[in-house]
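Asks: First the structure, which I've put down as C-alpha cells, then a few questions once you've had a look.
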Amino acid sequence: MNSNVVGKSFNPESLDTPPASQKREGSWVKIALILVAIAYLALILFIPALNVFVQAFKQGFGPFFGNLTESAFAHAVWLTVIIALIVVPINTVFGLCAAWVIARNQFRGRTFLISLLDIPFAVSPVVAGLMIVLLYGRNGWFGPWLEAHNIKIIFAMPAMVLASSFITLPFVAREVIPVLEDAGAEQEEAAKTLGAQDWQIFWRVTLPNIRWGLLYGVLLTNARTMGEFGAVSVVSGNIARKTQTLPLFVEEAYKQYATQAAYSAAVLLAGLALVTLVLKEILERRTRIKDT
Numbered sequence: 025m026n027s028n029v030v031g032k033s034f035n036p037e038s039l040d041t042p043p044a045s046q047k048r049e050g051s052w053v054k055i056a057l058i059l060v061a062i063a064y065l066a067l068i069l070f071i072p073a074l075n076v077f078v079q080a081f082k083q084g085f086g087p088f089f090g091n092l093t094e095s096a097f098a099h100a101v102w103l104t105v106i107i108a109l110i111v112v113p114i115n116t117v118f119g120l121c122a123a124w125v126i127a128r129n130q131f132r133g134r135t136f137l138i139s140l141l142d143i144p145f146a147v148s149p150v151v152a153g154l155m156i157v158l159l160y161g162r163n164g165w166f167g168p169w170l171e172a173h174n175i176k177i178i179f180a181m182p183a184m185v186l187a188s189s190f191i192t193l194p195f196v197a198r199e200v201i202p203v204l205e206d207a208g209a210e211q212e213e214a215a216k217t218l219g220a221q222d223w224q225i226f227w228r229v230t231l232p233n234i235r236w237g238l239l240y241g242v243l244l245t246n247a248r249t250m251g252e253f254g255a256v257s258v259v260s261g262n263i264a265r266k267t268q269t270l271p272l273f274v275e276e277a278y279k280q281y282a283t284q285a286a287y288s289a290a291v292l293l294a295g296l297a298l299v300t301l302v303l304k305e306i307l308e309r310r311t312r313i314k315d316t
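Residue 25 is where the sequence shown starts when you use our numbering, and the numbers rise one by one after that.
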C-alpha cells in the first residue's frame, strides 16, 4: 500500500468547506444582487417619492402652506377624514367578527368564506366602483326605489363609503385570523370555565392576545381608505368641494396644471404612507418581542 496514502489524515469537515474561490464568487453574487435590488427600489420607489417632496417645496414653504389652506383642498382633506372615520370602525368590527368565526370554528364552507374575503384583493378597484354603480345607480337594481324615496347614493358620500368599505374589507380579518389561530382557544375556554362572561373574555383574554395584529389591520385599513382612488373616482363624480377626496384632488389639480397644489396634496398622502410604515415596523417589533 502506498505510504503517502496511508499517512494522510482524513478530515470530514473538509467535505463541507467550500474552496476560497467559491466563497469569493458567492460574495460577489450576493453583492451584485443587493446592488440590483437597491437600484430597482431607487428607480421605482425612492426617486419618484423624493421628487414629489422636492417639487412640493421647490418654491418654498409659503406656496406649500398656501395650498394647504385653499378651500377645495381643505374640503378634500375633511371629506377623506370623514370617510375614514366611518369605514375604519365598520371594517374593524366586521374583521373581528369574521376572524373569530373563521379561527374558532370548523364548518362546511369555511374555505369558501376565506376565499370570499380575498375578493377585494383580486377585483380591480374600478370594477368594484362599477359594481356599486350597477346596484345603486339610476338604472341599477335599487336605483328606481332609491330615486322614488329621494335617497342619493351614487355621486354622494354613501357610495364613496361603500366603495372604500369594499376595498378595505379584508385587511383587519386577514391580520387577526393567523394571530387568533396561533393564540389558540385554551385561555378563553379556561376563562369561561371560571365563570367569565363573553364580553369579559373578549376584553381581558382575546383582545390582549390580538391587539398588535388588530392595530396593524386598522392601520392598513386607514391608509388604504385615505389613499383609495379607483373605486372612489367611479362612484363619486369627482365634484370639487362636494365629492372630491384627497387622491381625487391630486389628479384634478394636476390635470388643471395646478402642479404645486397637486404636489402639496401628494406630500400629505406620502406622509401618511410613511407614518403607516413606521407604525407598522413598531408593531412588528413588538410582536417579535412578545413571541420571543
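Built from N, CA and C at the ideal position, the CB exists for glycine as well.
1. Please state whether the Cβ-Cβ distance between residue 285 and residue 75 is less than 8 Å.
2. Leaving aside the five residues before and after residue 126 along the sequence, list all residues of the same chain whose C-beta is less than 7 Å from its C-beta, in chain order.
3. Please state the DSSP three-state secondary structure of residue 106.
4. Is the number of C-beta pairs between the region 223–243 and the region 143–163 that are closer than 8 Å three or more?
5. When the distance is taken between beta carbons, is residue 298 closer than 8 Å to residue 236?
6. Contact defined as beta carbons within less than 8 Å: I believe residue 191 pairs with residue 276. What is the distance between those atoms, to the nearest angstrom?
7. Kindly indicate which three-state DSSP category residue 83 falls into: helix, strand or coil?
8. In chain order, what residues of the same chain lie with their CB nearer than 8 Å to the CB of residue 267, ignoring the 5 residues before and after it?
9. Within the same chain, show all residues whose beta-carbon is closer than 7 Å to that of residue 114, passing over the 5 residues directly before and after it, in chain order.
10. Shortest alpha-carbon distance to residue 123 belongs to which of 281, 234, 163, 273?
11. To the nearest angstrom, how far is the alpha carbon of residue 160 from that of residue 105?
12. Tell me, to the nearest whole angstrom, how far the beta carbon of residue 255 is from that of residue 150; I am working on the premise that it is less than 8 Å.
13. Give me the Cβ distance between residue 287 and residue 63, rounded to the nearest whole Å; I'm assuming they're in contact under 8 Å.
14. Output the distance between the C-alpha atoms of residue 291 and residue 214, rounded to the nearest integer angstrom.
15. Cα separation between residue 109 and residue 296?
16. Under a three-way DSSP split, which group does residue 136 fall into?
17. Whole-angstrom Cβ separation of residue 245 and residue 196, contact assumed at under 8 Å?
18. Nearest-angstrom Cα distance between residue 78 and residue 88?
19. Please go through the same chain and pick out, in chain order, the residues whose beta-carbon is closer than 7 Å to the beta-carbon of residue 83, but skip the five residues on each side of it.
20. Note the first and the last residue of the continuous alpha helix (DSSP H) segment covering residue 156.
Replies: In this structure, then:
1. Stepping through the sequence shown from its first residue, residue 285 is reached at position 261. Stepping through the sequence shown from its first residue, residue 75 is reached at position 51. Their beta carbons are not under 8 Å apart, which means residue 285 does not touch residue 75 by this criterion.
2. One-based indexing of the sequence shown puts residue 126 at position 102. Within the same chain, residue 126 has close Cβ partners 134, 137, 138, 201.
3. Counting from one through the sequence shown, the residue named residue 106 turns up at place 82. The answer is helix: DSSP assigns residue 106 an H, G or I state.
4. Per the Cβ contact rule, the region 223–243 is not in contact with the region 143–163 (fewer than 3 Cβ pairs under 8 Å).
5. Here residue 236 is taken as the residue at index 212 of the sequence shown, counted from 1. Here residue 298 is taken as the residue at index 274 of the sequence shown, counted from 1. Contact flag unset, no.
6. Taking the first residue of the sequence shown as 1, we reach residue 191 at position 167. Taking the first residue of the sequence shown as 1, we reach residue 276 at position 252. About 20 Å separates the two Cβ atoms, so there is no contact after all.
7. Locating residue 83 in the sequence shown gives position 59, counting from the first residue. In the structure shown, residue 83 sits in coil (DSSP, three-state: anything other than H, G, I, E or B).
8. Along the sequence shown, one-based indexing puts residue 267 at 243. Here the set comprises 103, 179, 180, 181, 184, 260, 261.
9. By 1-based counting over the sequence shown, the position of residue 114 is 90. These residues qualify, in order along the chain: 189.
10. As a position in the sequence shown, residue 123 is number 99, starting the count at 1. The candidate whose alpha carbon is nearest that of residue 123 is 234.
11. For the purposes of this step, residue 160 is identified with residue 136 of the sequence shown, where counting begins at 1. For the purposes of this step, residue 105 is identified with residue 81 of the sequence shown, where counting begins at 1. Going by the C-alpha atoms only, they are around 24 Å apart.
12. As a working mapping, residue 255 is identified with position 231 in the sequence shown. As a working mapping, residue 150 is identified with position 126 in the sequence shown. Right, the Cβ-Cβ distance comes to about 7 Å (below 8 Å), so this counts as a contact.
13. By 1-based counting over the sequence shown, the position of residue 287 is 263. By 1-based counting over the sequence shown, the position of residue 63 is 39. In fact, because the Cβ distance is near 25 Å, the residues do not count as touching under 8 Å.
14. The residue labelled residue 291 in the question sits at position 267 within the sequence shown. The residue labelled residue 214 in the question sits at position 190 within the sequence shown. Spanning the two alpha carbons is a distance of roughly 50 Å.
15. Translated into the one-based positions of the sequence shown, residue 109 becomes position 85. Translated into the one-based positions of the sequence shown, residue 296 becomes position 272. In a straight line, the C-alpha of residue 109 is about 15 Å away from that of residue 296.
16. By one-based count along the sequence shown, residue 136 stands at place 112. Residue state, collapsed to three classes: helix.
17. Here residue 245 refers to the residue found at position 221 when the sequence shown is read from its first residue. Here residue 196 refers to the residue found at position 172 when the sequence shown is read from its first residue. Sure, about 6 Å apart at Cβ, within 8 Å.
18. For the purposes of this step, residue 78 is taken as residue 54 along the sequence shown, with counting starting at 1. For the purposes of this step, residue 88 is taken as residue 64 along the sequence shown, with counting starting at 1. Straight-line Cα distance between these residues: approximately 11 Å.
19. Locating residue 83 in the sequence shown gives position 59, counting from the first residue. The beta carbon of residue 83 sits closer than 7 Å to the beta carbons of 284 from its chain, once the five residues preceding and following it are set aside; these are given in chain order.
20. As a first step, residue 156 is located in the sequence shown; it is residue number 132 there, counting from the start. Boundaries of the alpha helix (DSSP H) harbouring residue 156: 149–160, taken from the DSSP string.
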